[in-house]
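In terms of the working numbering, the sequence shown opens at residue 122 and continues consecutively.
Positions of the beta carbon are idealized from the N, C-alpha and C atoms, including for glycine.
Please read the structure below before turning to the comments.
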Amino acid sequence: MKTTIACPTCQTPISIEASGLLKGTQYTCINCNTKVSLSSDSAPQVKNAVEEFRKLLRNKGEKN
Ligand SMILES: [Zn+2]
């Protein structure tokens with residue numbers, strides 16, 4: 122499942138694969154080259170993004 126998170130440094134949206142992120146895959150901001158992964162300082166933000174994404178999926182499911 123693909124989602125985007127805001128870069129913790131420059132707020133540029135970074136396209137990520139949430140499942141890959143949970144496995145420890147590192148993503149790089151295309152604007153400032155900040156590395157984003159669950160093991161970095163951005164972990165809370167990433168977790169929030171994943172949780173928000175799951176909520177969206179759940180909401181969609183309820184409506185359909
Ligand atoms: Zn950035």
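{"query": "For residue 146 and residue 139, the rounded distance between their alpha carbons", "result": "9 Å"}
{"query": "Residue 149, buried or exposed, once every other Cβ within 10 Å from all chains shown has been counted against 16", "result": "exposed"}
{"query": "For residue 152, the nearest candidate out of 174, 124, 142, 134 (CA to CA)", "result": "134"}
{"query": "Reduced DSSP secondary structure (H/G/I, E/B, other) of residue 134", "result": "strand"}
{"query": "Spatial neighbours of residue 171 in its chain, beta-carbon cut-off 8 Å, leaving aside the 5 residues before and after", "result": "124, 139, 142, 143"}
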